[in-house]
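Before any comments, here is the structure.
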Amino acid sequence: MFFASDNWAGAADEIAASLQRHSGGFSPAYGASDLDQQLEQRFNELFEREVAVFFVGTGTAANSLALSAVNRPGGFVLCHREAHLIEDECGAPEFFTSGARLAPIDGSFGKIDPNALRRGLQRFDPEFVHHGQPMAVSVTQATEVGTVYTNDEIAVIAEHTHAFGLPLHMDGARFANAMVRLESTPAEMTWKSGVDVLSFGATKNGCWCAEALVFFDPARAKQLPFIRKRAAQLFSKTRFIAAQFHAYLDDDLWIRLATHANAMADRLAAGIAAANNVSIGWPCESNELFVTMPKELAGRLKEQGARFYPWPVPEEFESKLTEGQGLYRLVTSFATTEEQVDQFLALIG
Numbered sequence: 001m002f003f004a005s006d007n008w009a010g011a012a013d014e015i016a017a018s019l020q021r022h023s024g025g026f027s028p029a030y031g032a033s034d035l036d037q038q039l040e041q042r043f044n045e046l047f048e049r050e051v052a053v054f055f056v057g058t059g060t061a062a063n064s065l066a067l068s069a070v071n072r073p074g075g076f077v078l079c080h081r082e083a084h085l086i087e088d089e090c091g092a093p094e095f096f097t098s099g100a101r102l103a104p105i106d107g108s109f110g111k112i113d114p115n116a117l118r119r120g121l122q123r124f125d126p127e128f129v130h131h132g133q134p135m136a137v138s139v140t141q142a143t144e145v146g147t148v149y150t151n152d153e154i155a156v157i158a159e160h161t162h163a164f165g166l167p168l169h170m171d172g173a174r175f176a177n178a179m180v181r182l183e184s185t186p187a188e189m190t191w192k193s194g195v196d197v198l199s200f201g202a203t204k205n206g207c208w209c210a211e212a213l214v215f216f217d218p219a220r221a222k223q224l225p226f227i228r229k230r231a232a233q234l235f236s237k238t239r240f241i242a243a244q245f246h247a248y249l250d251d252d253l254w255i256r257l258a259t260h261a262n263a264m265a266d267r268l269a270a271g272i273a274a275a276n277n278v279s280i281g282w283p284c285e286s287n288e289l290f291v292t293m294p295k296e297l298a299g300r301l302k303e304q305g306a307r308f309y310p311w312p313v314p315e316e317f318e319s320k321l322t323e324g325q326g327l328y329r330l331v332t333s334f335a336t337t338e339e340q341v342d343q344f345l346a347l348i349g
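Here the UniProt record's numbering is used: the first residue of the sequence shown is 1, the next is one more, and so on.
In structure tokens form, the structure reads like this:
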């Protein structure tokens, strides 16, 4: 019963087979192989326009290098107060931007509040050098608490961002899960809604180690080859990242994997809704489910083999926890089975 993280899941069979298939022989290094170049065209087709795409090994690298590419002296990145950028990147965005800072913006359940964003942007006076200057806005899709921005919500944030002459970055570590839930397309959920730079995550959705940094205006990415090399993210054998993405995108594998993960989360949510001692904190919108239960019950579930994490309580949810209760995150993946879900539900039933 592995619900700790979709990072715990292995690689999908199709991904592993593609890695094996491309492991022999010789091929130009550092992104110059035919496989790499074919994949760059695949990304153009996927997003319905010409894009600049760069492969990296981790989501932290993708986010940090994206912000490095739009850096300004004294720069600030505005993001949700509980964003992965702030909570879980160990200072990597600040490090790779040589000191840019992260400005937290309020909003309920992981989503930036547009009015709070506008106020946050307005506090910077372009003539007042001491405060620094905004350089980007970043949204997380799906968010750190499993919620999903609609395309209209993204467009509103993009409108505020662009009004100040800034790019909008999307941290898409669970991009596929959000897109499937919205029944959207990659283009609709990104540049058609105003996103300028995307961290396109695949590792959580069945890949071994594959993340892509996508610029919807290639002119913004002119310095990225040097930034990536300096950050030690230019892999010599990039064909092995390309091989993963080829399998990932073939025959809509990535959509099928995300659809399964979301369906398992829905199955889990439906079972928990019928339980007496476990409650759903807020609606499940991706493959992450947040529940409250007695801490004593959480301990017993772990003793019986269930794996999940306690979770920091969002500010707007603190008053809803009673004495002795905790908030916990349950994450499903492409590898989650109905049997695992039903076994967990039997233990809480």
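Where is the CB? At the ideal position from N, CA and C, for every residue including glycine.
No experiment lies behind these values; they were computed from the predicted model shown.
ask   = Under three-state DSSP, which class holds T292?
value = Here residue 292 refers to the residue found at position 292 of the sequence shown. Strand.
request  = Could you tell me which residues DSSP puts in a beta bridge with V56?
outcome  = Walking along the sequence shown from the start, residue 56 turns up at place 56. Answer is E211.
request  = Please report the residue range of the beta strand (DSSP E) in which S199 lies.
outcome  = For this step, residue 199 is matched to residue 199 along the sequence shown. Unbroken beta strand (DSSP E) run through S199: V197 to G201.
ask   = Going by beta carbon distance, what residues of the same chain come within less than 7 Å of T58, once the five residues before and after it are set aside?
value = As a working mapping, residue 58 is identified with position 58 in the sequence shown. Taken in chain order, the residues that qualify are E211.
ask   = Mind checking H130: buried by the 16 CB within 10 Å criterion, or exposed?
value = Counting from one through the sequence shown, the residue named residue 130 turns up at place 130. It counts as exposed.
key: Alpha-carbon to alpha-carbon, H260 and S333   = By 1-based counting over the sequence shown, the position of residue 333 is 333. By 1-based counting over the sequence shown, the position of residue 260 is 260. Those two C-alpha atoms are separated by around 7 Å.
message = Assuming G120 is part of the alpha helix (DSSP H), what are its boundary residues?
response = Taking the first residue of the sequence shown as position 1, residue 120 is located at position 120. Run containing G120: P114 to Q122, per the alpha helix (DSSP H) assignment.
ask   = What are the partner residues of S138, as DSSP defines its beta bridges?
value = Here the question's residue 138 lines up with position 138 in the sequence shown. Beta-bridge pairing links S138 to C79 and H169.
inquiry  = Report the CB separation of T35 from R239 in whole angstroms; it is logged as a contact under 8 Å.
reply    = Counted from its first residue, the sequence shown places residue 35 at position 35. Counted from its first residue, the sequence shown places residue 239 at position 239. Just to set this straight, residue 35 is Leu in the shown sequence, not Thr. That belief holds up - the Cβ atoms of L35 and R239 are roughly 5 Å apart, short of 8 Å.
query = Residue range of the beta strand (DSSP E) that P104 falls in?
reply = Counting from one through the sequence shown, the residue named residue 104 turns up at place 104. It spans R101 to I105 - the beta strand (DSSP E) in which P104 sits, taken as one unbroken run.
ask   = Where do the ends of the beta strand (DSSP E) carrying R228 lie?
value = As a working note, residue 228 is residue 228 in the sequence shown. Unbroken run through R228 is the alpha helix (DSSP H), L224 to R230; no beta strand (DSSP E).
message = Within 10 Å of its beta-carbon, does residue 357 have 16 or more other beta-carbons around it, so buried, or fewer, so exposed?
response = Outside the displayed span of the chain (1 to 349) sits residue 357, for which this structure offers no information.
query = What do you reckon, are the CB atoms on R307 and F3 nearer than 8 Å?
reply = What you label residue 307 is simply residue 307 of the sequence shown in a count that begins at 1. What you label residue 3 is simply residue 3 of the sequence shown in a count that begins at 1. Pairing R307 with F3 gives a Cβ-Cβ distance under 8 Å.
task = Report the three-state DSSP secondary structure of P312 (helix, strand or coil).
result = Looking up residue 312 in the sequence shown gives position 312. Three-state DSSP puts P312 in coil, outside helix and strand.
request  = Please check the pair S18 and A247, which I expect to be a contact at CB under 8 Å, by giving their CB distance rounded to whole angstroms.
outcome  = Position 18 of the sequence shown, counting from 1, holds the residue named residue 18. Position 247 of the sequence shown, counting from 1, holds the residue named residue 247. Between A247 and S18 the Cβ distance is about 4 Å, and since that is below 8 Å, they are a contact.
query = How long is the line joining the alpha carbons of M179 and H22, rounded to whole angstroms?
reply = Within the sequence shown, the letter at position 179 stands for residue 179. Within the sequence shown, the letter at position 22 stands for residue 22. If you take the alpha carbons of M179 and H22, they lie about 29 Å apart.
request  = Report back the beta-carbon spacing between P167 and V70 to the nearest angstrom; my notes put them in contact at under 8 Å.
outcome  = If you number the sequence shown from 1, residue 167 lands on position 167. If you number the sequence shown from 1, residue 70 lands on position 70. Indeed they touch by this definition, with Cβ atoms about 5 Å apart.
message = Measuring alpha carbon to alpha carbon, tell me which residue in M189, R181, D196 and P186 is nearest G165.
response = As a working mapping, residue 165 is identified with position 165 in the sequence shown. Sorting M189, R181, D196 and P186 by C-alpha distance to the C-alpha of G165 places D196 at the top.
message = Our contact map puts P314 next to E82 with C-beta atoms below 8 Å; I'd like the distance itself, whole angstroms only.
response = Taking the first residue of the sequence shown as position 1, residue 314 is located at position 314. Taking the first residue of the sequence shown as position 1, residue 82 is located at position 82. Yes, they are in contact, since the Cβ atoms of P314 and E82 sit about 7 Å apart, within 8 Å.
ask   = Who are the Cβ neighbours of E48 in its own chain at under 6 Å, not counting the five residues just before and after it?
value = Start at 1 with the first residue of the sequence shown, and residue 48 comes out as number 48. Here the set comprises A187.
message = My output table needs one value for E330: the three-state DSSP class, helix, strand or coil.
response = In the sequence shown, the residue the question calls residue 330 occupies position 330. The identity of residue 330 in the sequence shown is Leu, whereas the question assumes Glu. Note: L330 maps to strand in three-state DSSP.
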